[in-house]
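Heads up, this note's numbering is the position in the sequence shown plus 1, with the first residue counted as 1.
Each residue gets a CB set at the ideal place from its N, CA and C atoms; glycine is no exception.
Note that the coordinates shown come from a computational prediction; the quantities given were computed from them, not determined experimentally.
Following: one structure in structure tokens, then a few remarks.
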Amino acid sequence: MRVCVFASSSSLTPEPYLKVARELGEEIAKAQYLCINGGGKNGCMGALNEGARAGGGKIKTVIHGKWVIDKMEFEDVDELVIAQGNNLQERKRLLWETCDCVIVLPGGTGTWDELMEVACHNSVGFGKIPITLVNVDGFYDGIIQQVARAARDKILYATPDDTMHVETTAQGALSWCAKRVQAQREAGGALGGDALVLQGRTRTFIFQRRHSFLVGLVLGFAGAILTVGEAALLNRFWRKRQAGRHF
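The structure is reproduced here in structure tokens:
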């Protein structure tokens, strides 16, 4: 399993957060998973990689070229990916586009940005990457409350738990991710490669290639039951699947 971890890079990160980060790195290594992260030397990222290295695990780091002075700084990682561009979009994409799940440790604005981008990616239907927060010492209580409020006000496309699951330990987070990824793989195998799964607000719709006529009929009447934007999105997904493209 390929585990992407978002986390702080600050050298002032409190020790309780660093402890959990080291534990997560050790657990990822113990399970022989790939640890993907932003390559920070300090903070939770640094502690995460310390734990992974101590356990003999594999590490992939993705860092922006702006911060690379000497590649020798990263000789202790198994794979180094250097992103370019005048912003962090490419780096974020390279971080999570090949992962199976995302675990979020305490962090600042960069960590929150990464978290929300993947949550949004899932919410609008471009993927279904399992996300879990490690809520150490209540660090993420505010975000958890905000997500719950949005759900109560009916402005989320998914349940709070599907938007971002919450655990309090490294072991709990990794265990939840492993179960979720396994369930997704089993569901995908049972449905077959031609299946299109769409998660609605209250139910899941599953279409297979043999349902092409039905899907066409549904799309024909979509304007009557969906907003123009939602109908266009559904049509776009189906066309991509029929063309054999991945999304």
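Suppose you measure from the CA of aspartate 163 to the CA of histidine 122; what does that come to, to the nearest Å?
Here the alpha carbon of aspartate 163 sits roughly 12 Å from the alpha carbon of histidine 122.
From the DSSP output, in three-state form, read off glutamate 98 for me.
Here glutamate 98 sits in coil by DSSP.
Cutoff 8 Å; reference glutamine 90; Cβ partners in own chain excluding five residues on either side
none
Take alanine 149 and list the residues in its own chain whose beta-carbon comes closer than 7 Å to its own, dropping the five residues that flank it on each side.
Pro161
Below 8 Å on the Cβ atoms is my guess for threonine 271 versus leucine 81; work out the distance and round it to an integer in Å.
This structure cannot settle anything about residue 271, because the visible part of the chain is limited to 2 through 248.
Under 9 Å, do glycine 40 and asparagine 50 count as touching if we go by C-beta distance?
yes
Whose C-beta lies closer than 6 Å to the C-beta of threonine 203 among residues of the same chain, with five residues either side of it excluded?
For threonine 203, the predicted structure reports a pLDDT of 45, less than 50, and the residue's modelled location is therefore unreliable. The matter cannot be settled from this model.
Reduced DSSP secondary structure (H/G/I, E/B, other) of leucine 157
coil
Name the DSSP beta bridge partners of alanine 84, please?
DSSP output for alanine 84 lists His65 as bridge partner(s).
Using DSSP with H/G/I as helix, E/B as strand and the rest coil, what is isoleucine 60?
strand
Rounded Cβ spacing between alanine 174 and isoleucine 104 (contact assumed at less than 8 Å)
5 Å
Would you kindly work out how many angstroms separate the C-alpha atoms of isoleucine 37 and alanine 152, rounded to a whole number?
30 Å
Return yes when the Cβ of isoleucine 60 is within less than 9 Å of the Cβ of isoleucine 83, no when it is not.
no
Count the other CB atoms within 10 Å of the CB of proline 107; is the residue buried (16 or more) or exposed (fewer)?
buried
Suppose the cutoff is 6 Å on Cβ atoms and the five residues either side in sequence are ignored; what does the same chain contact list for asparagine 136 look like?
Val167, Thr169
Tell me cysteine 186's beta-bridge partners as DSSP assigns them.
According to the sequence as given, residue 186 is arginine; it is not cysteine. For arginine 186, which the question treats as bridged, DSSP gives no partner whatsoever.
Local conformation of lysine 110 per DSSP, three classes:
According to the sequence provided, residue 110 is threonine. The question's lysine does not apply to it. It is helical.
Decide if arginine 186 is buried, meaning its Cβ has at least 16 other Cβ atoms within 10 Å, or exposed.
exposed
So what's leucine 35 in DSSP terms, helix, strand or just coil?
strand
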